[in-house]
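Protein chains: 2
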Amino acid sequence: MSDGGPPTVVSIAERAGVSIASVSRVLNGVGARPETVRRVERAAAELGYVPNAVAQSLKGGRTKQLTFAMQDIGNPVYVAMVRQIQAVTRAAGYRLLLHSTDAVIEDELAVVRSLGDRTSDGLILCPIRITPEHVEVLTAAAGPVVVIGSLPRGVPVDAVQADSVLGARLAVTHLVESGRRRIAFVNGPLDTVPGHNRRQGYLKALAEGGIVPDPELERATSFGLGAGREALHDLLDAGAAPDAVFCANDQLALGAAQAAHERGLRIPEEMAVVGMDDSDLARACWPPLSSVDLGSEERGRAAARMLLERLSDTPDERPGPGPEAPRAGAARRVTTAPRLVVRASSAPSAPATTARGGAR
Amino acid sequence: MSDGGPPTVVSIAERAGVSIASVSRVLNGVGARPETVRRVERAAAELGYVPNAVAQSLKGGRTKQLTFAMQDIGNPVYVAMVRQIQAVTRAAGYRLLLHSTDAVIEDELAVVRSLGDRTSDGLILCPIRITPEHVEVLTAAAGPVVVIGSLPRGVPVDAVQADSVLGARLAVTHLVESGRRRIAFVNGPLDTVPGHNRRQGYLKALAEGGIVPDPELERATSFGLGAGREALHDLLDAGAAPDAVFCANDQLALGAAQAAHERGLRIPEEMAVVGMDDSDLARACWPPLSSVDLGSEERGRAAARMLLERLSDTPDERPGPGPEAPRAGAARRVTTAPRLVVRASSAPSAPATTARGGAR
DNA sequence: CCAGTATCTGTAAACGTTTTCAGCCGCTGT
DNA sequence: ACAGCGGCTGAAAACGTTTACAGATACTGG
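Sequence order for the protein chains is A and B. Per the numbering used here, the first sequence starts with residue 1016, numbered consecutively. Per the numbering used here, the second sequence starts with residue 1016, numbered consecutively.
In structure tokens form, the structure reads like this:
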């Protein structure tokens, strides 16, 4: 008598005339007498039994779920990451929980803290900024975390980062070497890590090229398409007269390209455009957009792999006595190498080629 | 004595000197003596207690998780849907589980069946094809499902669909009315529901416009960017000489636009291009792409809302005796209205080549 | 002053699974 | 024939929570 819901091991046990222990053993492939196996499997099939994953999680202490948290899935970079992460984690039998933080700091922190509710076994986090609170919360995280982005040295958390300083430098150097002199820079917010780093690379490349930076050529607002369009219009209205524009991501770059088109400027002849992230957008537009591949896919894969490693390294937790016993291994830091992909939007004259950036 | 892991109600009970029942009651805001409340809350705070969501799920019978399954998150349409779904479900306190099926039928079916493992409380599914097996599995689903896409009449499952026949018709009629006569059609696979329906709309619009369909003008391969590019090149190579091309989605359209550019054809003067889905891509490219908004966002929202409704309507399941008691309410079908968005890529008279064509 | 009651508290069961432990059986070796 | 042993099996505990129930306490009204 147990039709009060979906079939359970108890239902099967009753129908097969064995104990629930035997049912569990058969279902998990542990040894049993052929006769028992037969009866249990038959009963399970007849009842259409599906094991209750929640109960399994409770018993086993792991949910086979991972969380990926980023600010907005609308950004192609995160889409690329999700795809890779999904592929890697799925192969390992994990489900993927998606969490958009909308770049709200409080929300990012809450995600990390929510590791404590045991809903997922681990977390991949893409913070847009790193506050002292981040460091604090990350250090005290209840489970393994891998951060995609830059993290201060002391924080005992794995991280996968792009060398966006070098990436920006590659892009701008490319423009300089193509003979461009008035290279504008359309950036996102300066108080974000990417915003700051990309600017460093921009300035460095200008210096190396012997070009004096002109503050009139810089714009920094947000990371969206509309922002790029407005920024370039604004630059042109202000008479900054750039002959090239480097944008801190592809969305900004497409916005800038639109503005250029609207002004009747030919790309790349009158205005070269280079973006960053080498997202699908770069290949989809016209002319195809030169862009710096910061390895979004690679970072996604790497982060997922690191997380899985942590998970297999941690059969039980906190062997040490102190409440702050150091984590199993030292925090790992991986940096992916940027790669400039030259396409028509910045072609000096020749067809598209690619140049490699150095590893770090 | 219980430092063998994260704090639990037991730890708190010990520290506060009360029973676990009282702890639970205080934590859930049920009545208790002020003194008890104080002590429990203090202990919980000191221990940094976070309730174990898995245990709560097991007890409560619901996980507060929902699953969204589509073929590939790389498609902007699904990104738009995820965003909306995420927003709606999050507001209701649900987490979102993402599942890419890669358009593998077996995988789609597995997702539906996996509702039985109680990992998530409900499912939103975007099937690319509907097989008899789909119907069977969906009918027997262990929890509420909402399908985004077309579903045969008899299937007792909620569905949100786009009227893509009408959508395609709008696009093609628009081209006809703009004076185009040789309107090519670049489609995805014909044996998919969208592929089939869009073709119906295309043919219908041609008929209404008094144009005899020319099989030479049709191409159907896959739904990707590269496919669009190749298709148009192929059409031109074959001497089909179209003066417009309607594409079954924006990615195909951008591919076709690339091909046109590569051939030196001016858009829209020599070749009008219209896409479908009105994804971010349509706004990001140049010239901006005319496209039919099939309401991806709206469908995402609607699906999420319907699912949540089902969940609140179903306090306990299967009240009836029979194993196939009909579901609570009849299956609901919602259809969103398509909307043609005309942009420069199909502008009848050509304002967009020089000077500021678009809105500023 | 006592019965009655309202409030709070603790014990124990339940959710569905895995797993330890001890018991049972039939076998083998001597 | 019997001790020993191997493989199977079932009872029971455990994971961490919520909750029905009953016991305890203090307070009210007569």
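All C-beta atoms in this analysis are idealised placements derived from N, C-alpha and C, irrespective of residue type, glycine included.
Length of the line joining the Cα atoms of residue i and residue j
| i | j | result |
| --- | --- | --- |
| P1147 of chain A | L1166 of chain A | 11 angstroms |
| M1291 of chain B | P1209 of chain B | 11 angstroms |
| L1232 of chain B | L1247 of chain A | 40 angstroms |
| V1065 of chain A | R1320 of chain A | 29 angstroms |
| Q1080 of chain B | H1114 of chain B | 13 angstroms |
| D1136 of chain B | S1129 of chain B | 11 angstroms |
| H1149 of chain B | A1156 of chain B | 10 angstroms |
| A1118 of chain A | R1234 of chain B | 43 angstroms |
| H1276 of chain B | L1355 of chain B | 24 angstroms |
| V1097 of chain A | E1312 of chain B | 20 angstroms |
| A1340 of chain B | D1122 of chain A | Since pLDDT at A1340 of chain B reaches only 40, below the 50 mark, its modelled position is unreliable, and the value read off the structure follows with that caveat. Computed Cα separation, rounded: 42 angstroms. |
| P1283 of chain A | G1224 of chain A | 20 angstroms |
| D1331 of chain A | R1197 of chain A | With a pLDDT of 46 at D1331 of chain A, under the threshold of 50, the modelled position of this residue cannot be trusted, and the question is left open. |
| E1029 of chain A | R1133 of chain B | 22 angstroms |
| L1250 of chain A | R1214 of chain A | 17 angstroms |
| G1270 of chain A | A1036 of chain B | 59 angstroms |
| V1162 of chain B | N1043 of chain B | 35 angstroms |
| A1102 of chain B | G1131 of chain A | 23 angstroms |
| R1278 of chain B | L1221 of chain A | 37 angstroms |
| S1360 of chain B | D1308 of chain B | 15 angstroms |
| R1406 of chain A | I1088 of chain B | Shown here, chain A extends from 1016 to 1375; a query on residue 1406 of chain A therefore has no answer. |
| V1288 of chain B | C1262 of chain A | 28 angstroms |
| G1182 of chain A | G1310 of chain A | 10 angstroms |
| A1068 of chain B | G1075 of chain A | 14 angstroms |
Interface residues of chain B facing residue i [CB-CB closer than 7 angstroms]
| i | result |
| --- | --- |
| I1088 of chain A | V1094, V1097 and R1098 |
| S1072 of chain A | V1069 |
| H1276 of chain A | W1301 |
| T1078 of chain A | V1069 |
| L1304 of chain A | The contacting residues do not exist; L1304 of chain A stays about 10 angstroms from chain B at best. |
Residues that residue i contacts on chain A, provided the C-beta gap is smaller than 8 angstroms
| i | result |
| --- | --- |
| D1293 of chain B | Near D1293 of chain B there are no residues of chain A at all, since even the closest Cβ is about 14 angstroms away, more than 8 angstroms. |
| C1300 of chain B | L1269, A1299, C1300 and W1301 |
| A1272 of chain B | W1301 |
| R1110 of chain B | L1112, H1114 and T1134 |
| A1157 of chain B | P1021 and V1065 |
Contacts that residue i makes with chain A (C-beta to C-beta distance below 9 angstroms)
| i | result |
| --- | --- |
| A1263 of chain B | Near A1263 of chain B there are no residues of chain A at all, since even the closest Cβ is about 16 angstroms away, more than 9 angstroms. |
| P1283 of chain B | Result: empty, since nearest Cβ-Cβ is about 13 angstroms, beyond 9 angstroms. |
| L1240 of chain B | D1295, R1298 and A1299 |
Residues that residue i bridges to, as DSSP identifies them
| i | result |
| --- | --- |
| Q1080 of chain A | A:R1110 |
| G1239 of chain B | None, per the DSSP bridge assignment. |
| L1138 of chain B | B:T1082 and B:V1160 |
| D1173 of chain B | B:V1161 |
| M1096 of chain B | Paired residue(s): none; M1096 of chain B is not in a bridge. |
| D1328 of chain B | The partner list for D1328 of chain B (beta bridge, DSSP) is empty, contrary to what the question assumes. |
| G1290 of chain B | B:S1306 |
| V1201 of chain B | B:R1234 and B:C1262 |
| S1360 of chain A | Paired residues: none, contrary to the question. |
| V1349 of chain B | B:V1175 |
Own chain partners of residue i with C-beta closer than 8 angstroms, once the 5 adjacent residues on each side are dropped
| i | result |
| --- | --- |
| L1073 of chain B | none |
| D1265 of chain A | P1091, G1290, M1291, D1292, D1293, S1294, L1296, A1297, L1304 and S1306 |
| V1033 of chain A | T1051, R1054 and V1055 |
| A1345 of chain A | P1171 |
| I1145 of chain A | G1164, S1165, L1166, P1167 and V1208 |
| R1195 of chain A | D1258, A1259 and A1287 |
The ligand ATP heavy atom lying under 7 angstroms from the CB of residue i
| i | result |
| --- | --- |
| P1021 of chain A | With respect to the ligand ATP, the structure shown offers nothing to examine, as it has no ligands at all. |
6 angstroms Cβ shell around residue i - same chain, five flanking residues per side excluded
| i | result |
| --- | --- |
| A1084 of chain A | H1114, T1116, V1126 and L1140 |
| A1107 of chain B | L1323 |
Same chain, Cβ closer than 7 angstroms to residue i, neighbours up to 5 away in sequence not counted
| i | result |
| --- | --- |
| A1376 of chain A | Summary: the structure shown does not reach residue 1376 of chain A, with chain A confined to residues 1016 through 1375, and so no result is reported for it. |
| I1027 of chain A | V1038, V1055, A1058, A1059, L1062 and Y1064 |
| R1077 of chain A | D1136 |
| R1316 of chain B | Q1099 and V1103 |
| L1185 of chain B | V1307, P1353 and L1355 |
Interface residues of chain A facing residue i [CB-CB closer than 7 angstroms]
| i | result |
| --- | --- |
| R1133 of chain B | N1067, A1068 and V1069 |
| T1351 of chain B | Correct list: empty, because the minimum Cβ distance to chain A is about 20 angstroms. |
| S1115 of chain B | Q1101 |
Chain B residues whose Cβ lies nearer than 8 angstroms to that of residue i
| i | result |
| --- | --- |
| L1296 of chain A | L1296 and A1299 |
Okay, do the segment 1250 to 1268 of chain A and the segment 1189 to 1200 of chain A touch, 3+ Cβ pairs below 8 angstroms being the bar?
yes
Stretch-stretch touch, CB-based, cutoff 8 angstroms, three pairs: the segment 1198 to 1209 of chain B with the segment 1223 to 1243 of chain B
yes
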